[in-house]
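Engineer: One structure follows; several queries about it will come next.
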């Protein structure tokens, strides 16, 4: 098991991570979610020891990763922004190089690379150096290098960034296949909630370096609001009565002339609409939107209402 | 000796030289062209002075500088170029440590460099007709023993590159300074002995040009010079690497 325990990191007095704890088991996919600057990449880089953190521990099978660099044999990483391969080599040459760099070689490794190369759809680009590949195929080449020696834990930092729909689907299939065949644990950071939704067992949400949520994706989904009501008025409304118009779980933000409410069930809004009608209040604008998972998640993070 | 890392770096050299054969060949031609320009530029002047020994010195100095540039650049090139090309973070994930990886990379590049140096030496001697009686095994032995001082020096500059990123100007200046280093005389012991590579270059010159006898005290000075600069380079790089990791600067460009 890979365990991050009360990890703290700050830069020039500004906290980047504050007491972040979570775990990743073999055969499990954990998503690390959060906006830009939330601490996702800092966490991944800490696990790779590319960053010196201030406090806390990171352990693999109960061994502190600072005690020996040999833990890196158990880690495969695709770091953000296509920064993972030697662009002057082909995908297969990269995979061979990085497997040997971690201390792995031989027939089994070569066979594994060949199989993954085909599964990733890279065979038709076998003779091209990475610099000549498309963004999606560059990402696949990076994944090939990270998976080539079958590490116990694979860290994927924003793996879907810049990829088209088909490539994202391919990536999902590959991760699912690896889970079944190689019993690897995946830690995935992403903004793409649809991608996360299809592959992850557990979600860790960070915001400004703080852990907002750790639990199953279903639990997170249950906390997401499904609707958003926006009203623009031409006359001020009695603010004191607004909260009493809503039941159940909701989040209401209002000033004199605008009202924004996030809520869970369609009939929660009826009392509000009835009040407007009864008091003959004519809205300049009234919209009810069904929130996508992504938008709902963003709304919830902004409200810091995940705990 | 970690043969795994060594052969991996040799293989990387082979891949790059084979796939970018035009770059490899044009690099060789470029070096040879520079030398020929220098050689014929000063030949007339030197012959007027009746000093044929200077042409031999120029040839040997050129070979020493070519080797020194390669050994010094093997680490700095990796850190600076791989930071720009973007996979230096993956090199830091080497379980044997980044410094070990760089040392094996330097060794493999030096060995390949010596092979290319032999080609360059024979080509320039053939073209200029200025044949040196070089015992290559002896010559290369001295160069390999003195190369760690340049690698250590390269590690110091590379550590600065991790922190300050844009150190190409400093690197280019130091590359030129190497011309001075290979020309200085660091043997017997004097103030220049303490500069990197100077004792090694002096010993190579004494043996190849002056046909001097092998001296154990000179060899010990060369080894001590290498040891001090390599140890200093490793210490400096580790300290700067720690700073870079604290500030999250590895790979950021």
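Residue numbers (our numbering), protein chains in the order written: chain A, 812 to 1118; chain B, 8 to 260. Built from N, CA and C at the ideal position, the CB exists for glycine as well. Computed from a predicted model, the values in this text were never measured in an experiment.
(1) I'd like to know if the region 1042-1049 of chain A and the region 1088-1098 of chain A are in contact, where contact means that at least 3 CB-CB pairs between them fall below 8 Å.
(2) Would you check if the region 74-91 of chain B and the region 151-159 of chain B touch, i.e. whether three or more CB-CB distances between them fall below 8 Å?
(3) Report the rounded CA-to-CA distance for residue 164 of chain B versus residue 251 of chain B, giving the unit in angstroms.
(4) Measuring alpha carbon to alpha carbon, tell me which residue in A:1109, A:1075, A:1040 and A:1064 is nearest residue 1084 of chain A.
(5) Quick one: what does DSSP say residue 1008 of chain A is sitting in, helix, strand or coil?
(6) Sorted by chain position, which residues of the same chain lie with C-beta nearer than 8 Å to residue 874 of chain A's C-beta, five sequence neighbours on each side aside?
(7) Which complete alpha helix (DSSP H) runs does the region 94-181 of chain B hold, if anything under 4 residues is left out?
(8) At a cut of 8 Å, does the region 887-904 of chain A reach the region 967-974 of chain A through at least three beta carbon pairs?
(9) Go ahead and label residue 244 of chain B buried or exposed: buried means 16 or more other beta carbons lie within 10 angstroms of its beta carbon, across all protein chains shown.
(10) Hey, is residue 842 of chain A's beta-carbon within less than 8 Å of any beta-carbon in chain B?
(11) Going by CA-CA distance only, name the one from B:88, B:131 and B:196 that's closest to residue 68 of chain B.
(12) In this structure, what does DSSP give as the bridge partners for residue 1064 of chain A?
(13) With 16 other CB atoms within 10 Å as the buried threshold, where does residue 33 of chain B fall?
(14) Kindly list, in the order they appear in chain A, the residues whose Cβ is closer than 7 Å to that of residue 253 of chain B.
(15) Is any beta-carbon of chain A found at less than 8 Å from that of residue 111 of chain B?
(16) Grab the span of the alpha helix (DSSP H) containing residue 1123 of chain A for me, first residue to last.
(17) Measuring only between beta-carbons, confirm whether residue 118 of chain B sits less than 8 Å from chain A.
(18) For residue 1024 of chain A and chain B, any beta-carbon pair shorter than 8 Å?
(19) Hey, quick one: how far does the beta strand (DSSP E) through residue 830 of chain A stretch, first residue to last?
(20) Give the straight-line distance between the Cα atoms of residue 908 of chain A and residue 1102 of chain A, rounded to the nearest whole angstrom.
(21) Counting only beta-carbon atoms, is residue 960 of chain A nearer than 8 Å to chain B?
(22) Rounding to the nearest angstrom, what Cα-Cα distance links residue 185 of chain B and residue 161 of chain B in this structure?
(23) Which residues in the same chain have their Cβ closer than 6 Å to the Cβ of residue 842 of chain A, if we skip the five residues on either side of it in sequence?
(24) Using a Cβ-Cβ cutoff of less than 8 Å, which residues in the same chain neighbour residue 1082 of chain A once the five nearest sequence positions on both sides are dropped?
(25) Is there at least one Cβ from chain A nearer than 8 Å to residue 104 of chain B's Cβ?
(26) Which word fits residue 981 of chain A, buried or exposed, when buried means at least 16 other C-beta atoms lie within 10 angstroms of its C-beta?
(27) Does the separation of the CB atoms of residue 958 of chain A and residue 989 of chain A fall below 8 Å?
(28) Which value, in whole angstroms, describes the spacing of the CA atoms of residue 963 of chain A and residue 866 of chain A?
(29) Rank A:905, A:860 and A:1002 by C-alpha distance to the C-alpha of residue 20 of chain B and give the top, closest one.
(30) Against chain A, does residue 15 of chain B count as a neighbour if the rule is that its beta carbon must be under 8 Å from one of theirs?
(31) With H, G and I counted as helix, E and B as strand and the rest as coil, what does DSSP make of residue 257 of chain B?
(32) Applying the 10 Å Cβ sphere with the 16-neighbour rule, what's the burial state of residue 1001 of chain A?
(33) When you compare only the Cα positions, how much space is there between residue 961 of chain A and residue 1096 of chain A?
(34) Which of helix, strand or coil does DSSP assign to residue 204 of chain B?
(35) For residue 123 of chain B, which residues in the same chain have their Cβ closer than 7 Å to its Cβ, ignoring the five residues on either side in sequence?
(36) Give me the residue from A:1076, A:1069, A:1017 and A:1049 with the minimum Cα distance to residue 828 of chain A.
Structural biologist: So, from the listed chains and residues:
(1) Touching, yes, given that three or more Cβ pairs across the two stretches are closer than 8 Å.
(2) Under the Cβ criterion (8 Å, minimum of three pairs), the region 151-159 of chain B counts as touching the region 74-91 of chain B.
(3) Roughly 14 Å between the two C-alpha positions.
(4) The shortest Cα separation from residue 1084 of chain A among A:1109, A:1075, A:1040 and A:1064 belongs to A:1040.
(5) In this structure, residue 1008 of chain A counts as helix in the three-state DSSP scheme.
(6) So the list reads 882, once near-sequence residues are dropped.
(7) Note on the region 94-181 of chain B: whole alpha helix (DSSP H) runs with a minimum of 4 residues are 95-98, 105-135 and 143-171, in chain order.
(8) Because the criterion of three Cβ pairs below 8 Å is met, the region 887-904 of chain A and the region 967-974 of chain A touch.
(9) Around the Cβ of residue 244 of chain B, a 10 Å sphere holds 16 or more other Cβ atoms; the residue is buried.
(10) Not closer than 8 Å to any Cβ of chain B, the Cβ of residue 842 of chain A fails to qualify, so no.
(11) Closest option to residue 68 of chain B, Cα to Cα, is B:131.
(12) Partner residues in the beta bridge of residue 1064 of chain A, as assigned by DSSP, are A:1071.
(13) Under this definition residue 33 of chain B is an exposed residue.
(14) For residue 253 of chain B, the neighbours in chain A by C-beta distance under 7 Å run, in chain order, 863.
(15) For residue 111 of chain B, no CB of chain A lies under 8 Å from its own CB, so it is not counted at the interface with that chain.
(16) Past the edges of chain A, shown from 812 to 1118, lies residue 1123 of chain A, and the structure says nothing about it.
(17) By this cut-off, residue 118 of chain B is not an interface position.
(18) No, no contact with chain B.
(19) Note, residue 830 of chain A: beta strand (DSSP E), 825-835.
(20) It is roughly 46 Å from the alpha-carbon of residue 908 of chain A to the alpha-carbon of residue 1102 of chain A.
(21) Under the 8 Å criterion on CB atoms, residue 960 of chain A is classed as non-interfacial with respect to chain B.
(22) Cα to Cα, residue 185 of chain B sits roughly 12 Å from residue 161 of chain B.
(23) Excluding sequence neighbours, residue 842 of chain A sits near 999, 1007, 1011 and 1014.
(24) Counting only Cβ-Cβ distances below 8 Å, and skipping sequence neighbours, we find 1056, 1057 and 1058.
(25) Taking Cβ atoms only, chain A reaches closer than 8 Å to residue 104 of chain B, which makes this a yes.
(26) In summary, residue 981 of chain A is buried, with 16 or more beta-carbon neighbours lying within 10 Å of its beta-carbon over all protein chains present.
(27) Here residue 958 of chain A is near residue 989 of chain A, since their CB atoms are less than 8 Å apart.
(28) In this structure, the alpha-carbon of residue 963 of chain A lies about 25 Å from that of residue 866 of chain A.
(29) The residue with the shortest Cα to Cα distance from residue 20 of chain B is A:905.
(30) Under the Cβ criterion of 8 Å, residue 15 of chain B is counted among the residues facing chain A.
(31) In the three-state scheme derived from DSSP, where H, G and I count as helix and E and B as strand, residue 257 of chain B is classed as coil.
(32) Burial call: buried.
(33) If you draw a straight line from the Cα of residue 961 of chain A to the Cα of residue 1096 of chain A, it is about 56 Å long.
(34) Residue 204 of chain B: coil per DSSP, three-state reduction.
(35) Setting aside the 5 residues that flank it on each side, residue 123 of chain B is surrounded in the same chain by 35, each with a C-beta closer than 7 Å to its C-beta; the list follows chain order.
(36) The residue among A:1076, A:1069, A:1017 and A:1049 with its C-alpha nearest the C-alpha of residue 828 of chain A is A:1017.
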